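Worksheet: one structure, shown below.
2 protein chains.
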Amino acid sequence: MKTYKISEAVVKRLPIYLRFLNELAFADIQTVSSKELGDKLDLNPAQIRKDLAHFGDFGKKGIGYDVGYLIEQIRHILKLDTPINVALIGAGNLGHALSNYNMYHRDSMRIVAVFDQVPEKVGQMINNLEILPTAQLIQKVRELKIRVGIITVPAIEAQNVANQLVEAGIEAILNFAPIIIKVPVKVRVHHADFTTELHSLAYYLD
Amino acid sequence: MKTYKISEAVVKRLPIYLRFLNELAFADIQTVSSKELGDKLDLNPAQIRKDLAHFGDFGKKGIGYDVGYLIEQIRHILKLDTPINVALIGAGNLGHALSNYNMYHRDSMRIVAVFDQVPEKVGQMINNLEILPTAQLIQKVRELKIRVGIITVPAIEAQNVANQLVEAGIEAILNFAPIIIKVPVKVRVHHADFTTELHSLAYYLD
DNA sequence: AGGCTTTTGTGTTTTCTTTCACATGAGATT
DNA sequence: AATCTCATGTGAAAGAAAACACAAAAGCCT
Numbered sequence: 001m002k003t004y005k006i007s008e009a010v011v012k013r014l015p016i017y018l019r020f021l022n023e024l025a026f027a028d029i030q031t032v033s034s035k036e037l038g039d040k041l042d043l044n045p046a047q048i049r050k051d052l053a054h055f056g057d058f059g060k061k062g063i064g065y066d067v068g069y070l071i072e073q074i075r076h077i078l079k080l081d082t083p084i085n086v087a088l089i090g091a092g093n094l095g096h097a098l099s100n101y102n103m104y105h106r107d108s109m110r111i112v113a114v115f116d117q118v119p120e121k122v123g124q125m126i127n128n129l130e131i132l133p134t135a136q137l138i139q140k141v142r143e144l145k146i147r148v149g150i151i152t153v154p155a156i157e158a159q160n161v162a163n164q165l166v167e168a169g170i171e172a173i174l175n176f177a178p179i180i181i182k183v184p185v186k187v188r189v190h191h192a193d194f195t196t197e198l199h200s201l202a203y204y205l206d
Numbered sequence: 207m208k209t210y211k212i213s214e215a216v217v218k219r220l221p222i223y224l225r226f227l228n229e230l231a232f233a234d235i236q237t238v239s240s241k242e243l244g245d246k247l248d249l250n251p252a253q254i255r256k257d258l259a260h261f262g263d264f265g266k267k268g269i270g271y272d273v274g275y276l277i278e279q280i281r282h283i284l285k286l287d288t289p290i291n292v293a294l295i296g297a298g299n300l301g302h303a304l305s306n307y308n309m310y311h312r313d314s315m316r317i318v319a320v321f322d323q324v325p326e327k328v329g330q331m332i333n334n335l336e337i338l339p340t341a342q343l344i345q346k347v348r349e350l351k352i353r354v355g356i357i358t359v360p361a362i363e364a365q366n367v368a369n370q371l372v373e374a375g376i377e378a379i380l381n382f383a384p385i386i387i388k389v390p391v392k393v394r395v396h397h398a399d400f401t402t403e404l405h406s407l408a409y410y411l412d
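Protein chains in written order, with this note's numbering: chain A, 1 to 206; chain B, 207 to 412.
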């Protein structure tokens with residue numbers, strides 16, 4: 001187990017390993033090698049071994065990795081073995097799509113509150129959660145000890161929502177709005193903007 | 207103008223520049239420097255200059271970049287100055303969210319066909335497009351000269367859909383399903399999976 | 001029991017990406 | 001016209017990430 005800083009690239013791959021390992025576990029496969037992982041995930045086996053070796057010696061020479069054990073370890077590394085409350089701000093189609101996430105994945109990150117500014121939406125149910133007015137955002141985030149916010153509001157509102165989340169003491173934000181939001185360095189922001197993904201795809205057309 | 211291979215990292219930033227430049231143009235701002243861009247987009251100014259310099263000398267010393275001209279150039283680099291037909295496969299909440307994209311952005315990538323496997327959904331309208339049965343996928347992709355596919359079906363169906371897209375002669379795929387899909391090397395695939403984004407965020411919580 | 005095969009963990013090398021730092025040129029100012 | 005200020009484009013340096021290659025260990029086979 002090393003203590004130096006783990007690179008962002010490594011951290012982004014861990015959930016990909018985890019997802020595939022869960023598939024293997026579901027199929028009752030006990031063991032997997034870095035080569036098999038690499039083949040399935042389009043990654044170099046040495047890279048996978050090095051990624052994992054940052055956190056401990058999880059494998060067995062000549063055998064590979066025990067699927068169940070590795071799942072347990074990665075879940076722990078990613079802090080997915082303790083409950084994390086998540087807020088969703090913006091109950092549009094994208095918000096609805098993300099809220100379904102709760103139903104499919106029994107892992108520890110759970111959307112526990114949904115907010116929207118539009119009065120007509122407030123009070124409606126979305127996956128067993130009542131949509132709350134954004135005015136209650138700060139209060140509820142504190143009350144429910146919400147640590148992560150998912151922003152799915154229009155770009156024009158995104159920075160304002162982010163400011164409120166920060167004020168409420170949020171630790172991390174996943175932003176889907178097509179704008180770079182500014183937050184204090186202590187708050188971690190990931191941008192998930194599909195329009196930029198789509199536009200960069202166009203570059204590779206003949 | 208250089209002719210060597212442009213790195214993926216550069217291509218991923220171009221749409222981010224473009225988006226912000228469009229904001230500037232909308233606000234009638236004529237000129238922008240790499241420093242201003244860097245401040246707004248959280249990037250190093252030298253990196254922005256180098257990114258752009260790969261494609262030509264777009265700036266003026268002492269002045270910066272002409273916003274309108276730079277928009278034009280980046281749109282051309284990304285091939286966003288010619289129409290590109292896009293298919294959306296999967297008319298769930300996420301599919302609906304992405305289809306709205308057509309309404310907001312008057313750029314050249316347009317969703318021209320939506321497919322779903324579920325019989326109840328077929329025939330319904332989604333943003334002025336009739337949902338077609340997935341059985342018609344290959345035929346319609348060819349007929350409408352669709353070059354890009356967006357996959358928003360469940361993971362279990364994603365590879366099958368990808369295979370059909372490839373068979374129909376698609377050039378690029380944006381995959382939202384939580385699985386790594388396999389396609390021939392000539393087909394470009396970008397994975398846009400929000401669950402892995404969310405899980406990697408958890409790592410950075412205290 | 002000894003050799004064979006497999007696959008890990010990692011030191012080393014290579015490749016890729018970012019950042020620095022500065023000469024150059026464009027316009028503004030006096 | 002000379003000087004000043006600003007911001008580009010880029011060579012060089014630094015830093016980060018990926019890939020190579022191999023010793024070491026674990027189980028299997030004869």
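Ideal Cβ positions, reconstructed from N, Cα and C, are used throughout, including at glycine.
Just so it is clear, the structure is predicted and the values come from calculations on it, not from any experiment.
Scanning its chain for C-beta atoms nearer than 6 Å, with the 5 sequence neighbours on each side dropped, one finds around Arg281 of chain B the residues Asp287, in chain order. Under the Cβ criterion of 8 Å, His54 of chain A is not counted among the residues facing chain B. For Tyr271 of chain B, the enclosing beta strand (DSSP E) covers residues 270-272. By the neighbour-count criterion, in which a residue is buried when 16 or more other Cβ atoms sit within 10 angstroms of its Cβ, Ser99 of chain A is buried. With distances taken between CA atoms, Gln73 of chain A lies nearest to A:Leu21 out of A:Leu174, A:Leu21, A:Ile63. Pairwise C-beta distances place the stretch 368-378 of chain B in contact with the stretch 337-354 of chain B, as three or more of them are shorter than 8 Å.
The Cβ of Glu403 of chain B sits closer than 8 Å to at least one Cβ of chain A. Selection A:Val187, A:Asp51, A:Ile29 evaluated against Lys5 of chain A yields A:Asp51 as nearest (Cα-Cα). Boundaries of the alpha helix (DSSP H) around Gly244 of chain B: 240-247. Glu377 of chain B counts as buried, since no fewer than 16 other beta carbons sit within 10 angstroms of its beta carbon. Scanning its chain for C-beta atoms nearer than 6 Å, with the 5 sequence neighbours on each side dropped, one finds around Leu37 of chain A the residues Ile48, in chain order. Residue environment: Met331 of chain B is assigned as exposed (fewer than 16 neighbouring CB atoms within 10 Å of its CB, all protein chains considered).
Segment contact: the stretch 78-98 of chain A against the stretch 108-119 of chain A, three or more CB-CB distances shorter than 8 Å; contact assigned.
In the structure shown, the three-state DSSP call for Gly301 of chain B is helix. For Asp116 of chain A, the enclosing beta strand (DSSP E) stretches over residues 109-116. For Arg225 of chain B, the nearest beta carbon of chain A is closer than 8 Å to its own beta carbon. For the 8 Å CB-CB criterion, Ala368 of chain B and Ile352 of chain B do not form a contact. Within 10 angstroms of the beta-carbon of Phe382 of chain B lie 16 or more other beta-carbons, which makes it buried. Contact of Val391 of chain B with chain A by beta-carbon distance below 8 Å is absent, the smallest such distance being about 11 Å.
For the pair Tyr65 of chain A and Asp248 of chain B, the Cα-to-Cα distance works out to about 39 Å.
Chain-ordered listing is empty here: chain B has no CB closer than 8 Å to the CB of Gly169 of chain A, the nearest sitting near 12 Å. Chain order gives the chain B residues near Ala172 of chain A as Leu407, Tyr410, Leu411, where near means a beta carbon separation below 7 Å. Residue pairing from DSSP places Gly59 of chain A in a beta bridge opposite A:Tyr65. Only Ile6, Glu8, Val11, Lys12, Arg13, Leu14, Pro15, Ile16, Leu18, Arg19, Phe20, Glu23 from the stretch 6-38 of chain A bring a Cβ to less than 9 Å from some Cβ of chain B. Interface criterion met: the Cβ of Leu94 of chain A is under 8 Å from a Cβ in chain B. For Ile84 of chain A, the nearest CB of chain B lies under 8 Å from its own CB, placing it at the interface with that chain.
Cα atoms of Ile235 of chain B and Ile269 of chain B: separation of roughly 13 Å, rounded to the nearest angstrom.
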